[in-house]
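In full-length UniProt numbering, the protein residues as written are 1 to 367.
Even glycine gets a Cβ: it sits at the ideal position worked out from N, Cα and C.
Nothing here was measured: the structure is a model prediction, and the numbers come from that model.
Report on the following structure.
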Ligand SMILES: NC(=O)C1=CN([C@@H]2O[C@H](COP(=O)(O)OP(=O)(O)OC[C@H]3O[C@@H](n4cnc5c(N)ncnc54)[C@H](OP(=O)(O)O)[C@@H]3O)[C@@H](O)[C@H]2O)C=CC1
Ligand SMILES: O=C1CO[C@H](CO)[C@@H](O)[C@@H]1O
């Protein structure tokens, strides 16, 4: 077994993915600052944009050189050049957008939806079924899978360099900027932030059997919410365990104290250990995520380095996966169908914390 292989830290993409005309819905932070710069760098072809406020869509179109601005989604769906729809709207509005695309998007072959796909497992399942019935490939933007350190760790696991996974941990000490729309959600941090870590654990270790969780409110967040700081433990059928501390408070770093902010992760296996950091907390400053690993055969730390950052570079990966799937007529790994298990895990984690009980994934999947 090669001990220092070239790890796959980003998804290989075919030339010619610009055959797919993309239409974007929404023009807020994630679209204008992350999706569009990443697509430009990847050479994807964004043809049009629509948003709630046409003026805002025009502004972003001018800023990011998008040729067509549509007054609304329906007008965009009439354009036969637009075959892929990229959604970046608040989660409570996403199901209505998907429904409209399914009902009126006769030219549409693929949708890249945002995470969370919906605000409940049941609603997400309805979206997946609707797209399947319409013959539209649905992918979900679980882009932490395309962070360079997270993806390279998956390659280490695939190559068995770490042996069998024993324990995975994520230690998040970082302050998200909650958008105004999150004030209306039943969940603040579980569906919007912890979903990334829950999906990453599924990516690395497969589907867990059950989850234990505890949550408390975030002292900094002034609007009413139930889940702020999330602590959870997942049990996998293989015996592997995973746990994350999603500490969105991170001490009074914005209230005058010194700051200690960062995200680190660690995967321990029977034959190796990987540790990493996610550079995102310093966004917009570019801080590449890192990965170090060691194995029983090497007895030293191996520290490959690459220059990609989660935001915005990982957005090449999620759209790239969808365009590759459409080109080759296959399911993307981030398919809506796969995402139902992430949604079920998010719902299980929220219920476990709310009800102070252990929740089996099957309980949600069988509802
Ligand atoms: N995958 C990831 O890593 C990340 C994902 N996200 C997700 O992206 C989504 C958007 O977040 P963010 O960009 O930060 O939020 P913003 O508030 O910055 O942007 C939301 C956008 O949605 C538009 N919008 C709202 N309702 C509709 C509607 N009914 N039809 C069309 N457009 C609508 C708004 O339009 P207008 O401006 O015209 O009023 C606005 O442009 C969320 O679901 C969030 O969870 C966010 C960050 C990271
Ligand atoms: O996915 C996400 C990661 O970070 C953002 C905040 O900074 C969140 O709002 C978000 O939805």
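Distance cut-off 7 Å: residue i Cβ against heavy atoms of ligand 2
i           : result
residue 196 : yes
residue 192 : yes
Distance cut-off 7 Å: residue i Cβ against heavy atoms of ligand 1
i           : result
residue 141 : yes
residue 346 : no
residue 178 : no
residue 22  : no
residue 149 : no
residue 204 : no
residue 219 : no
residue 115 : yes
residue 52  : yes
residue 29  : yes
residue 26  : yes
residue 93  : yes
residue 181 : yes
Cβ distance (whole Å) where residue i is taken to contact residue j below 8 Å
i           : j           : result
residue 267 : residue 153 : 6 Å
residue 148 : residue 306 : 5 Å
residue 168 : residue 139 : That pair is no contact at about 24 Å.
residue 353 : residue 214 : 6 Å
residue 82  : residue 21  : 5 Å
residue 293 : residue 157 : At roughly 11 Å, the Cβ-Cβ gap does not stay under 8 Å, so residue 293 and residue 157 are not in contact.
residue 13  : residue 324 : 6 Å
residue 349 : residue 194 : 7 Å
residue 97  : residue 77  : In fact, because the Cβ distance is near 11 Å, the residues do not count as touching under 8 Å.
residue 124 : residue 326 : Actually they are not in contact, since the Cβ atoms of residue 124 and residue 326 sit about 21 Å apart, beyond 8 Å.
residue 316 : residue 42  : 4 Å
Buried versus exposed call for residue i [16 or more other C-beta atoms within 10 Å across all chains shown]
i           : result
residue 367 : exposed
residue 49  : buried
residue 187 : buried
residue 362 : exposed
residue 182 : buried
residue 303 : exposed
residue 369 : Residue 369 falls outside the range modelled here, since the chain spans only 1 to 367, and no answer is possible.
residue 62  : exposed
Proximity test, residue i beta-carbon vs ligand 4 heavy atom, cut-off 7 Å
i           : result
residue 350 : Summarising the ligand content, the structure contains ligand 1 and ligand 2 and does not contain ligand 4.
Three-state class that DSSP yields for residue i in the structure shown
i           : result
residue 265 : strand
residue 235 : strand
residue 285 : coil
residue 97  : helix
residue 336 : helix
residue 17  : helix
residue 67  : coil
residue 298 : coil
residue 309 : coil
residue 178 : coil
residue 152 : helix
residue 170 : strand
Under 8 Å between C-beta atoms of residue i and residue j
i           : j           : result
residue 144 : residue 199 : yes
residue 36  : residue 68  : no
residue 119 : residue 102 : no
residue 189 : residue 246 : yes
residue 272 : residue 250 : no
residue 322 : residue 112 : yes
residue 151 : residue 8   : yes
residue 32  : residue 60  : yes
residue 240 : residue 288 : no
residue 248 : residue 262 : no
residue 116 : residue 319 : no
residue 173 : residue 220 : no
residue 284 : residue 38  : no
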